[in-house]
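A quick write-up on the structure given underneath.
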Amino acid sequence: LTVVALVLNAFGIEVPGLQAEFPVNLYSVVGFTTIVWLAATFLTRPTDEETLDAFYRKVHPGGPGWAPVAERHPDVEPDSGLGRLALDGLVGVVLVYSTLFGTGYLILGWMDWGLVCIAVSLSAAVYLWRDLQRDAVSLIEMKEEKGKG
Numbered sequence: 091l092t093v094v095a096l097v098l099n100a101f102g103i104e105v106p107g108l109q110a111e112f113p114v115n116l117y118s119v120v121g122f123t124t125i126v127w128l129a130a131t132f133l134t135r136p137t138d139e140e141t142l143d144a145f146y147r148k149v150h151p152g153g154p155g156w157a158p159v160a161e162r163h164p165d166v167e168p169d170s171g172l173g174r175l176a177l178d179g180l181v182g183v184v185l186v187y188s189t190l191f192g193t194g195y196l197i198l199g200w201m202d203w204g205l206v207c208i209a210v211s212l213s214a215a216v217y218l219w220r221d222l223q224r225d226a227v228s229l230i231e232m233k234e235e236k237g238k239g
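When the count follows my numbering, it moves up by one through the sequence shown with no breaks and lands on 239 for the last residue.
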């Protein structure tokens, strides 16, 4: 939308609402993009069941939105633990930003802040490593169990 507005503005065409200051122009942007994604959702064909089934078997997503597909595949165990996955995502963001800021602070000579940020990033990395190792062990155990059955 921003690119379209810039092109239109280059030709002297004003887009209502986009020339306003930040919080006000956000309403125009959100309103327009909502109209576009709703139109795309309701004017296009749904994904065929074969594609959904293949995706479900490969990814095994959990949640109520996948219930109709899950009913067709009772042999597939859906994932759970969305809260833990969200926490892992948040810790990943902390890892990236604390590493970036820590490196920047160290380069600029702000050793105290740099070391604090690097310590935070190392803590986040250790947490993620342990959590991913736990997932790997669970996955291996699950595959071994399926192989025996």
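For glycine and all other residues, C-beta sits at the position ideal for the given N, C-alpha and C.
- Message: Among the candidates VAL206, LEU98, TRP219, GLY173, whose CA atom is the shortest distance from the CA of THR40?
- Response: Residue 40 cannot be examined here, being either before or after the span of the chain that is shown, 91 to 239.
- Message: For a test of the three-state rule: what should DSSP assign to SER170, helix, strand or coil?
- Response: Here SER170 sits in coil by DSSP.
- Nearest neighbour of VAL184, chosen from LYS148, ASP165, LEU142, SER211 [CA to CA]: Its Cα nearest to that of VAL184, the residue SER211 stands out among LYS148, ASP165, LEU142, SER211.
- Query: Is GLY121 helix, strand or coil by DSSP?
  - Reply: Assigned with DSSP and collapsed to three states, GLY121 falls in helix.
- Rounded C-alpha distance that separates VAL181 from GLY173: Taking the CA atoms as reference points, VAL181 sits about 12 Å from GLY173.
- Item | Beta-carbon proximity of VAL119 to ARG147, cut-off 7 Å | The Cβ atoms of VAL119 and ARG147 lie no closer than 7 Å to each other.
- Take PRO168 as the anchor and find which of HIS150, THR193, LEU177 has the nearest alpha-carbon. Cα-wise, what sits closest to PRO168 is HIS150.
- Find out if the Cβ-Cβ distance for the pair VAL126, LEU142 is shorter than 7 Å. Contact flag unset, no.
- What first and last residue would you give for the alpha helix (DSSP H) that runs through ARG162? In the DSSP assignment, ARG162 falls within the unbroken alpha helix (DSSP H) covering 157 to 162.
- Kindly list the residues whose CB is nearer than 8 Å to the CB of ALA214, restricted to its own chain and excluding five residues on each side of it in sequence; keep chain order. Excluding residues within five positions, the ones whose Cβ falls inside 8 Å are VAL181, GLY182, VAL184, LEU185, SER188.
- Item | Exposure of TRP156, with buried meaning 16 or more beta-carbon neighbours within 10 Å | By the 10 Å Cβ count, TRP156 comes out buried.
- Terminal residues of the alpha helix (DSSP H) in which ARG135 lies: From DSSP, ARG135 is part of no alpha helix (DSSP H); its letter is neither H nor E.
- Own chain partners of GLY152 with C-beta closer than 6 Å, once the 5 adjacent residues on each side are dropped: Residues PRO168, ASP169, SER170 of the same chain have their beta carbon placed closer than 6 Å to that of GLY152, with the five preceding and five following residues left out of the count.
- Secondary structure of PHE101, DSSP reduced to three states: It is coil, neither helix nor strand.
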